[in-house]
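Counting from 21, one number per residue, gives the positions in the sequence shown under our numbering.
Worksheet: one structure, shown below.
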Amino acid sequence: DVMISGGQEVISHNMETVGSLYRLVRPQGKYDRSLEQIRRTKLQGHRTKSGIMLGLGEKQDEVHQAMDDLVANGLDILTLGQYLQPTKRHLEVAEFIHPDTFAAYREEGLRRGLKYVESGPLVRSSYHAERHVNVPI
21 DVMISGGQEV ISHNMETVGS LYRLVRPQGK YDRSLEQIRR TKLQGHRTKS
71 GIMLGLGEKQ DEVHQAMDDL VANGLDILTL GQYLQPTKRH LEVAEFIHPD
121 TFAAYREEGL RRGLKYVESG PLVRSSYHAE RHVNVPI
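See the structure below:
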């Protein structure tokens, strides 16, 4: 609650992945708890943002379900980027996602009710962040 009441323009809580891979990617995290954090942030009137890394083995329908879950919990802005293995101790890349697939995910996210979607191989959660402050609440 302290973070939420700090006067930020955009409050971000990155989901990182789809529900089926959540415990693998974020062992200490819980998918539903992350959705609840986004919901609570939105209920307090804030612009909400999250990010998902693709290429960890998720299926298209799982990405679509994650979008639906995020919209249902009040998410405004979603970033989708390619997962890159930072060290050999981290998860390996399961797939490199084609730029056309990222473009299709962007359109699908907007169609499903997200207000703004950044989607591309090089996108990270801060990508074009200056644009996010103008997204309607």
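Built from N, CA and C at the ideal position, the CB exists for glycine as well.
These figures come from a predicted structure and were not determined experimentally.
Taking 8 Å as the upper bound for CB-CB distance, methionine 87 and glutamate 128 are in contact here, some 7 Å apart. When DSSP reads this structure, glutamine 102 sits in a beta bridge with Leu74.
Between the alpha carbons of lysine 62 and proline 119 lies a distance of about 30 Å. For glutamate 112, there is no enclosing alpha helix (DSSP H), as DSSP marks it with neither H nor E. Threonine 121 carries a helical assignment under DSSP once its states are collapsed to helix, strand and coil.
Bounds of any alpha helix (DSSP H) do not take in isoleucine 157, whose DSSP letter is neither H nor E. Around the Cβ of phenylalanine 116, a 10 Å sphere holds fewer than 16 other Cβ atoms; the residue is exposed. In this structure, the beta-carbon distance from leucine 76 to tyrosine 103 falls below 8 Å.
Excluding residues up to 5 positions away in sequence, Ser32, His33, Asn34, Met35, Ile58, Leu90, Leu95 and Leu98 lie with their Cβ nearer than 7 Å to the Cβ of serine 70 in the same chain. Inside the stretch 25 to 72, DSSP marks whole alpha helix (DSSP H) runs of 4 or more residues at positions 42 to 45 and 51 to 63, from first to last along the chain. Valine 30 sits away from threonine 37, with the two beta carbons spaced by 8 Å or more. Around valine 153, the same chain offers Glu29 and Val30 as residues with beta carbons nearer than 7 Å, after the five sequence neighbours per side are excluded. Under the DSSP assignment, valine 137 falls in the beta strand (DSSP E) whose first and last residues are 136 to 139.
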